[in-house]
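If you read the protein sequences in the order shown, they are chains A and B.
The working numbering numbers the first residue of the first sequence as -5 and each following residue consecutively.
The working numbering numbers the first residue of the second sequence as -16 and each following residue consecutively.
Glycine included, C-beta positions come from ideal geometry on N, C-alpha and C.
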Amino acid sequence: MGSFPWPLATIQDVERRLWLFRIRKLPKLEIQDRLWNVALSLPMVVFLSVFFILPFAFVFLYAFGFYNSSYQWTGNFSLANFDSVLTESTVDLFTKTAYVAGIVTAMSLLFGYPVAYYLASQSTERREFLLMLLIIPFWTSFLLRTFALMTIFHENGLMNQLLEAIGVSREPVFRTRNLVSVIWAETYTFMPFMVLPLYATLERMSRSSIEASYLLGAGRIQTFLRVILPLSLPGIMAGTLLVFIISMGELVIPSLTGGVQYGYLLGNAIYERAGQSPGPMAALSLVFMVIVTVIAFAYLRIAGREGLRL
Amino acid sequence: MKIGAVALRAYVILFFVGLYVPLAVLVVLGFNSGRTVYVWEGFTTDKYAALLTIPRYTNAFGSSIVIALGTTALSVVLGALSGIAAARSTSIRYDLLWTALILLPLIVPEIVEAFSIVLFYQFAGIRNGTEATIVGHTAFSVSFVALIVRARMGDVGRVYEEASLILGATRLQTFTRVHLPMAAPAIVAGAFLAFAASFDDVVKSSFTTSATTRTLPLIVFSEAARGGISATLNALAAVMVAISLSAAIVRVLAIRRLSRE
């Protein structure tokens, strides 16, 4: 080894310098670091506070009567808006919306689970490719996908022509503008929200517990019901909750596929009446948000407890 | 046992065919020369050509593009800065607040969000129009950019940044010469997402656009909801599918490449 152009530091020297660095420089750097992080996020935080959080304050103000329906400040607290909204027809609307959302959720689970299961069992290469195939249409406009479904399943559409051509039925089998078409279209659109969380848990599941089940003599069906299904519960919970909440608020798909009669759900009510009666609709929005939140929490608790028992 | 595996495979193939066939049918029916979209009567490109002569559609296309580009620009600036910061942060409180703020706009039902911003605009005296819509769309688009950038920068880690600081670069220099270039692919992917989210939006657009700035999805929605799927409307939908599908493919490929690196 040649000689160093600088004197070799002793261990003590290095320790002293490190100590000085920790005492003098590090705290300063850390404070700088934090300030820098805050500064970088500041524009977005300000933006979202003004254009996302603050607007919600106005939903409260309108719902509790501080503003009247001609957008004037009254300054008085009142529950009149809730009175006018909490009627039998609103309850019916809620029930109908929850009913549609419930069936959509169940169907997504039923039709989505096999796909997630298949995806998780493939090689990495194949899996990546299939995931890509799944995600691409998911990011194209749901409006247009609904539109496409409508043309295909229309009374005179392709599906009915096909069935007639192969002699299955002379009468149109599929029709749009009913509750069934609303449910199918929503299931079709929201499916990825179910498949992706399911896939995430199935993929992470350890092979050894499945193998153990086989080794201990369980059959395929038993293994699925008693090992795979319980272990995928977190994914099932996340997926069903996601699909349910999203379909509760959906309004474009129902009104396209269900028409005025069947496609008038909760979201449509707010959408159509927001302009003329902002007060009552703000009250309805609040009730809606509260109910959705309560459902979400209750569901997570129940499912969590059931999960422990399984 | 074998039968089960074959059946599963057949089902999955059917599932994926089902995902794409409707989009393909939409594009093909755009070439149908018949008066209705349903019955195939021959090949023509007239329907697509006719789109260009209908001012209702071309104007809407113009405002859709302007709004989507504006949203993309605003979302990219706000989201990239904040995404980079979030990846650097070591504070749990910062992370928690950041995640809550970013995820909320994606979780809250869009109809409630759109309604609330209208009430706010009423109070603030902001008129509906291009700017109002851009701001409204950015409120959800920014999340996409921020989330992707944070994920990317979290993977990169802080080694390069530390190296840059130790070698004597200032924080600003580190930001422009190290952070931005490393985040660039994620920013591009996020930009595509932001663009698509804005370009496809119905609910928020319908609350914040003015009569002269109606976007394409609004026109498709209102015409289709009225029940008339005309051949030209179908062609319009096909063009929009082509645009958003190609954007989606570019985006997914970009993200895939990112995760491979």
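Can you have a look at TRP13(A) and say buried or exposed, based on whether 16 or more other CB atoms are within 10 angstroms of its CB?
Its Cβ having fewer than 16 others within 10 Å, TRP13(A) is exposed.
Buried or exposed (CB count within 10 angstroms, at least 16 for buried), PRO38(B):
The residue is exposed, with fewer than 16 neighbouring Cβ atoms inside 10 Å.
Looking at chain B, is there any beta carbon in it that lies within less than 8 Å of the beta carbon of TRP178(A)?
Among the CB atoms of chain B, none fall inside 8 Å of the CB of TRP178(A).
I'd like to confirm the pairing. Which residues does DSSP put opposite TRP67(A) in its beta bridges?
For TRP67(A), which the question treats as bridged, DSSP gives the partners TYR61(A).
DSSP three-state assignment for MET(-5)(A), whether helix, strand or coil
Note that MET(-5)(A) has pLDDT 44, beneath the 50 cutoff, so the model's placement of it is unreliable and the number below is only indicative. Annotated three-state conformation of MET(-5)(A) is coil, per DSSP.
For the region 145 to 163 of chain A against the region 184 to 197 of chain A, do three or more pairs of beta-carbon atoms, one drawn from each stretch, fall closer than 8 Å, so that the two count as touching?
Too few Cβ pairs lie closer than 8 Å, so no.
Skipping 5 residues on each side, what residues in its chain have a beta carbon closer than 8 Å to that of ALA237(B)?
Cβ within range, chain order: PRO168, VAL171, ALA172 and PHE175.
Name, in chain order, the residues that DSSP records as bridge partners for THR19(B).
DSSP, once it has assigned bridges, lists SER213(B) as partnering THR19(B).
Note down, one range per segment and in chain order, each alpha helix (DSSP H) of at least 4 residues found wholly within the region 25 to 76 of chain B.
Counting only runs of 4 or more, we get 29 to 34 and 38 to 71.
Which term fits ASN70(A), buried or exposed, when burial requires 16 or more other beta carbons within 10 angstroms of its beta carbon?
By the 10 Å Cβ count, ASN70(A) comes out exposed.
Per DSSP, what kind of secondary structure is GLY301(A) in: helix, strand or coil?
Legend: pLDDT at GLY301(A) = 49, less than 50; position of this residue unreliable, no value from coordinates given.
May I have the straight-line CA-CA distance separating TYR208(A) from ILE129(A), to the nearest angstrom?
Approximately 33 Å between the Cα atoms of the pair.
Between ALA152(B) and chain A, is any beta-carbon pair separated by less than 8 Å?
For ALA152(B), the answer is no, since every Cβ of chain A falls outside 8 Å of its Cβ.
For a contact defined as C-beta to C-beta under 7 Å, what are the partners of GLU266(A) on chain B?
Residues of chain B passing the Cβ test: none, with the nearest at roughly 11 Å.
Quick one: measure Cβ to Cβ for SER181(B) and HIS120(B), integer angstroms, because I've assumed they're closer than 8 Å.
About 4 Å separates the beta carbon of SER181(B) from that of HIS120(B), a gap short enough to meet the 8 Å contact definition.
The region -9 to 5 of chain B: positions lying closer than 9 Å to chain A by Cβ
Taking 9 Å as the upper bound on Cβ-Cβ separation, chain A lies near residues LEU(-9), ARG(-8), TYR(-6), VAL(-5), PHE(-2), PHE(-1), GLY1, LEU2, TYR3, VAL4 and PRO5 of the region -9 to 5 of chain B.
For PHE103(B), the nearest candidate out of TRP67(A), ARG139(A), PRO131(A) and ILE97(A) (CA to CA)
It is TRP67(A) whose Cα lies nearest to the Cα of PHE103(B).
Considering just the uninterrupted stretch of the alpha helix (DSSP H) at GLN6(A), what are its terminal residues?
Where GLN6(A) is concerned, the enclosing alpha helix (DSSP H) stretches over 5 to 14.
In three-state terms, what does DSSP make of ASP86(A)?
In the three-state scheme derived from DSSP, where H, G and I count as helix and E and B as strand, ASP86(A) is classed as helix.
Classification of PHE291(A) by the beta-carbon crowding that lies within 10 angstroms, buried from 16 upward
The residue in question, PHE291(A), is exposed, as its Cβ has fewer than 16 Cβ neighbours within 10 Å.
Spatial neighbours of PHE178(B) within its chain, please: CB distance less than 6 Å, with the 5 preceding and 5 following residues excluded, ordered by chain position.
Answer for PHE178(B): ALA51 and THR55, listed in chain order.
Smallest Cα separation from LEU84(B): which of GLN6(A), MET185(A), LEU48(A) and MET188(A)?
In this structure, LEU48(A) is the residue among GLN6(A), MET185(A), LEU48(A) and MET188(A) with its C-alpha nearest to the C-alpha of LEU84(B).
In its own chain, which residues sit with a C-beta less than 6 Å from the C-beta of GLU226(A), not counting the 5 before and 5 after it?
As written in the sequence, residue 226(A) is Ser, which differs from the Glu given in the question. In its chain, beyond the 5 residues on either side, THR195 and LEU196 have a beta carbon closer than 6 Å to the beta carbon of SER226(A).
Are at least three pairs of beta-carbons, each pair with one atom in the region 56 to 63 of chain A and one in the region 138 to 158 of chain B, less than 8 Å apart?
With the cut-off at 8 Å, the region 56 to 63 of chain A and the region 138 to 158 of chain B do not touch.
What alpha helix (DSSP H) runs, 4 residues minimum, are completely inside the region 163 to 250 of chain A?
The qualifying runs are 173 to 198, 201 to 209, 214 to 217 and 227 to 243.
Could one say the Cβ of LYS187(B) lies closer than 8 Å to chain A's Cβ atoms, at least one of them?
No, because no Cβ of chain A sits closer than 8 Å to the Cβ of LYS187(B).
As a quick exercise: from VAL176(A), LEU235(A) and MET275(A), pick the residue whose alpha carbon is nearest that of PRO248(A).
It is VAL176(A).
What residues from the region 96 to 111 of chain B come within 8 Å of chain A, judged by C-beta to C-beta, listed N to C?
Within the region 96 to 111 of chain B, the residues whose Cβ lies closer than 8 Å to some Cβ of chain A are GLU96, PHE98, SER99, ILE100, VAL101, LEU102, PHE103, GLN105 and PHE106, listed in chain order.
Between PRO272(A), LEU73(A), MET231(A) and THR251(A), which lies nearest to ARG209(B) when the distance is taken from Cα to Cα?
Of the residues PRO272(A), LEU73(A), MET231(A) and THR251(A), the one whose Cα lies closest to the Cα of ARG209(B) is THR251(A).
According to DSSP, is ASP77(A) part of a helix, a strand, or is it coil?
Helix.
Considering only residues of the same chain and omitting the five flanking positions on each side of ALA69(B), which have a CB-CB separation below 6 Å?
Spatial neighbours of ALA69(B) in its own chain (CB-CB distance under 6 Å, excluding positions within 5 residues in sequence) are listed in chain order as TRP81 and ARG133.
Any chain B beta carbon closer than 8 Å to MET101(A)
So, not an interface residue.
Indicate whether at least one CB of chain A lies closer than 8 Å to the CB of PHE127(B).
Answer no: the Cβ-Cβ gap between PHE127(B) and chain A never drops below 8 Å.
Run through chain A and tell me which residues come within less than 7 Å of MET223(B), C-beta to C-beta.
Neighbours of MET223(B) on chain A, chain order: SER135 and LEU138.
Can you find the residues in the same chain that come closer than 8 Å, C-beta to C-beta, to LEU6(B), ignoring five residues on each side of it along the sequence?
Residues of the same chain with a CB within less than 8 Å of the CB of LEU6(B), apart from the 5 flanking positions on each side, are VAL224 and LEU228 in chain order.
Can you tell me where the alpha helix (DSSP H) holding HIS120(B) begins and where it ends?
Residues 113 to 139.
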